[in-house]
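Engineer: Shown below is the structure under consideration.
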Amino acid sequence: KAGVTQTPRYLIKTRGQQVTLSCSPISGHRSVSWYQQTPGQGLQFLFEYFSETQRNKGNFPGRFSGRQFSNSRSEMNVSTLELGDSALYLCASSLGWRADTQYFGPGTRLTVL
Amino acid sequence: DAKTTQPPSMDCAEGRAANLPCNHSTISGNEYVYWYRQIHSQGPQYIIHGLKNNETNEMASLIITEDRKSSTLILPHATLRDTAVYYCIVRVLQGSARQLTFGSGTQLTVLP
Numbered sequence: 753k754a755g756v757t758q759t760p761r762y763l764i765k766t767r768g769q770q771v772t773l774s775c776s777p778i779s780g781h782r783s784v785s786w787y788q789q790t791p792g793q794g795l796q797f798l799f800e801y802f803s804e805t806q807r808n809k810g811n812f813p814g815r816f817s818g819r820q821f822s823n824s825r826s827e828m829n830v831s832t833l834e835l836g837d838s839a840l841y842l843c844a845s846s847l848g849w850r851a852d853t854q855y856f857g858p859g860t861r862l863t864v865l
Numbered sequence: 006d007a008k009t010t011q012p013p014s015m016d017c018a019e020g021r022a023a024n025l026p027c028n029h030s031t032i033s034g035n036e037y038v039y040w041y042r043q044i045h046s047q048g049p050q051y052i053i054h055g056l057k058n059n060e061t062n063e064m065a066s067l068i069i070t071e072d073r074k075s076s077t078l079i080l081p082h083a084t085l086r087d088t089a090v091y092y093c094i095v096r097v098l099q100g101s102a103r104q105l106t107f108g109s110g111t112q113l114t115v116l117p
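So the protein lines, in turn, are chains A and B.
Everything in the first sequence is counted per our numbering, starting at 753 for the first residue and increasing by one.
Everything in the second sequence is counted per our numbering, starting at 6 for the first residue and increasing by one.
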């Protein structure tokens with residue numbers, strides 16, 4: 753079974769631009785979570801989606817948003833990029849709301865110049 | 006906030022068992038202990054999890070103390086490819102707080 757896939761793997765943007773990252777969960781998984789990883793803050797939870805609904809949200813500004821489609825694929829969007837948004841963005845999928853293990857994708861490395 | 010305490014770094018000789026400790030003294034009755042590892046710049050890899058009983062899979066063993074306030078991840082025969090940051094996480098499975106909260110982890114270096 754294929755793992756979690758994320759596209760693109762690498763991205764370079766400039767301040768003020770916006771970016772959309774994509775995540776395809778493991779087949780059959782319906783829950784998708786997003787995390788941001790930076791050297792200074794470590795791995796931090798952004799949000800979780802299940803059945804196209806945001807179920808849980810971390811402590812990030814409104815510039816960070818996401819959505820989930822009916823096929824469980826998810827996208828996250830960051831508007832008005834700042835230098836501090838440079839990070840590895842990780843997507844994790846799990847079977848469902850009552851399920852347990854989250855499996856991570858390889859991440860998207862975003863660099864903001 | 007992370008609710009676990011791990012040593013920042015450990016070394017282990019190749020072929021020997023690596024024992025990674027984790028303290029979670031404030032763990033609640035409905036919280037599971039999870040272990041993930043992350044090799045540099047890759048996504049975290051799930052290793053094992055448990056609630057009360059010791060668990061074993063093809064990658065590792067998890068030993069949880071009877072009072073559940075600490076646990077140990079055991080890699081029975083460490084290889085160079087096991088060099089990674091190992092994260093011990095406690096989490097509930099239902100409700101609004103079911104996300105993974107990562108601490109600083111333990112950098113395990115397997116030495117040849």
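Virtual Cβ for every residue (Gly too), placed ideally from N, Cα, C.
1) Ordered along the chain, which non-local residues of its own chain (more than five positions away) have a Cβ less than 6 Å from that of B/T10?
2) Could you check which residue in B/S75, B/T70, B/L80, B/P117 has the C-alpha nearest to that of B/I53?
3) With a threshold of 8 Å on Cβ separation, who are the neighbours of A/L763 within its own chain once the five nearest residues in sequence on each side are excluded?
4) Could you tell me the alpha carbon to alpha carbon distance between A/S845 and A/V756, rounded to whole angstroms?
5) Which runs of the beta strand (DSSP E), 3 residues or longer, sit entirely within the segment 799–856 of chain A?
6) Determine the contact status of B/P13 and B/Q112, defining contact as a CB-CB distance below 9 Å.
7) According to DSSP, is B/D6 part of a helix, a strand, or is it coil?
8) Can A/P865 and A/R782 be called in contact, C-beta distance under 9 Å?
9) Do you know offhand how far A/K765's Cα is from B/K8's?
10) Counting contacts by CB-CB distance shorter than 9 Å, is A/V756 in contact with chain B?
11) Apply the 10 Å Cβ neighbour rule to B/Q104 and answer buried if 16 or more other Cβ atoms are within range, or exposed otherwise.
12) Alpha carbon to alpha carbon, how far is B/G48 from A/F821?
13) Short of 7 Å in beta carbon distance, which residues of its chain neighbour A/S803, apart from the five on each side in sequence? Order them along the chain.
14) Is the Cβ-Cβ distance between A/N811 and A/Q796 less than 9 Å?
15) So A/Q788 and A/A839 are supposed to be a Cβ contact under 8 Å. How far apart are they, rounded?
Structural biologist: Result, derived from the coordinates:
1) N28
2) B/L80
3) V771, L773, T860, R861, L862, T863
4) 7 Å
5) If only complete runs of 3 or more residues are kept, the segment 799–856 of chain A shows the beta strand (DSSP E) at 805–809, 816–820, 826–830, 839–846, in order along the chain.
6) yes
7) Note that B/D6 scores a pLDDT of 46, beneath 50, so its modelled location is shaky and nothing firm can be said.
8) With the sequence shown as reference, residue 865 of chain A is identified as Leu, and Pro is not the correct amino acid for it. No.
9) 35 Å
10) yes
11) Buried: at least 16 other Cβ atoms inside 10 Å.
12) The alpha-carbon atoms of B/G48 and A/F821 are separated by roughly 23 Å.
13) R782
14) yes
15) 5 Å
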